[in-house]
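Under the numbering used here, the residue at position 142 of the sequence shown is numbered 418, and the numbers go up by one with no gaps.
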Amino acid sequence: GRPPDQPIAEPAAGAGPDEPAADARAKIIALLGPPPVAVDDLIRLDGCWAVVMEFVEGVSLSRLLREGPLPPGPALEVVGEVAAALSAAYDKPGPDGQPLRLIHRDIKPGNLQITADGTVKLLDFGIAKLLDDEAAPAQATELTQLAGRAFTPDYAAPEQVQGGDVGTGTDVYALGVLLYVLLGGEH
277 GRPPDQPIAE PAAGAGPDEP AADARAKIIA LLGPPPVAVD DLIRLDGCWA
327 VVMEFVEGVS LSRLLREGPL PPGPALEVVG EVAAALSAAY DKPGPDGQPL
377 RLIHRDIKPG NLQITADGTV KLLDFGIAKL LDDEAAPAQA TELTQLAGRA
427 FTPDYAAPEQ VQGGDVGTGT DVYALGVLLY VLLGGEH
């Protein structure tokens with residue numbers, strides 16, 4: 277079967293990659309920058325904004341979990357660092373000085389990299405959502421309109437699975453599932 281942290285995307289008709297909302301989200305994500313989010317630059321490719329992610333040397337959390345569950349102390353440290361990264365992404369001031377209110381929507385071991393010094397880096401903001409983005413409702417950004425409901429089922433909150441509105445609770449739910457997996461070793 278499918279590994280538990282492999283995302284699915286249900287096909288759906290939707291907007292193209294050069295939609296204004298895609299450009300806006302790429303620009304906002306680029307504002308985050310490291311640390312704790314692995315974003316390096318923002319560039320234009322074929323008329324679309326693209327986020328250049330930081331190359332993070334280390335090991336993915338999903339690879340570490342192949343060796344078994346983590347002890348409670350390190351598991352709580354990982355979850356604490358991810359929570360801090362999510363908070364930083366949510367609270368980071370945008371161009372207007374107001375918080376970005378960005379949610380990740382795909383927290384899972386495969387999107388977390390542990391560096392040689394033990395720092396946890398949050399990767400892959402591909403389906404991130406600005407909660408105040410009037411151009412795209414919370415349940416459907418241009419990317420998810422193009423790809424359908426994109427999420428990783430084993431880490432997705434019920435509202436994601438049901439196609440409802442997402443919010444900060446969506447990431448908190450995934451963080452809880454992550455802690456469960458870190459301590460138990462499997463989903």
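C-beta: ideal position from N, C-alpha, C; glycine also. Predicted, not measured: the structure shown is a model, and the values here were computed from it.
With distances taken between CA atoms, residue 369 lies nearest to 406 out of 426, 406, 382 and 442.
DSSP, reduced to helix, strand and coil, places residue 326 within a strand of the structure shown.
Taking C-beta separations shorter than 7 Å and ignoring five residues to either side along the sequence, the partners of residue 383 in its chain run 358, 431, 447, 450, 451 and 454, following chain order. Remark: C-beta atoms of residue 399 and residue 332 approach each other more closely than 8 Å.
For the options 393, 428 and 374, the alpha carbon positioned closest to that of residue 403 is the one of 428.
Here residue 352 is not near residue 366, since their CB atoms are 8 Å or more apart. Distance check between residue 329 and each of 445, 397, 339 and 458 places 397 closest, using alpha-carbon atoms only. Burial is judged here by how many other beta carbons sit within 10 angstroms of a residue's own beta carbon; residue 437 has fewer than 16 and is exposed. Here residue 458 is buried: its Cβ has 16 or more other Cβ atoms, across all protein chains shown, within 10 Å.
DSSP places residue 350 in the helix class (H, G or I) of the three-state scheme. The beta carbon of residue 345 sits closer than 7 Å to the beta carbons of 458, 459, 460 and 461 from its chain, once the five residues preceding and following it are set aside; these are given in chain order. Collapsing the DSSP output to three states places residue 364 in a helix.
For residue 371, the three-state secondary structure derived from DSSP is coil. In this structure, DSSP gives residue 458 a helical state, which the three-state scheme calls helix. Taking 8 Å as the cut-off, the beta carbon of residue 379 is found closer than this to the beta carbon of residue 444.
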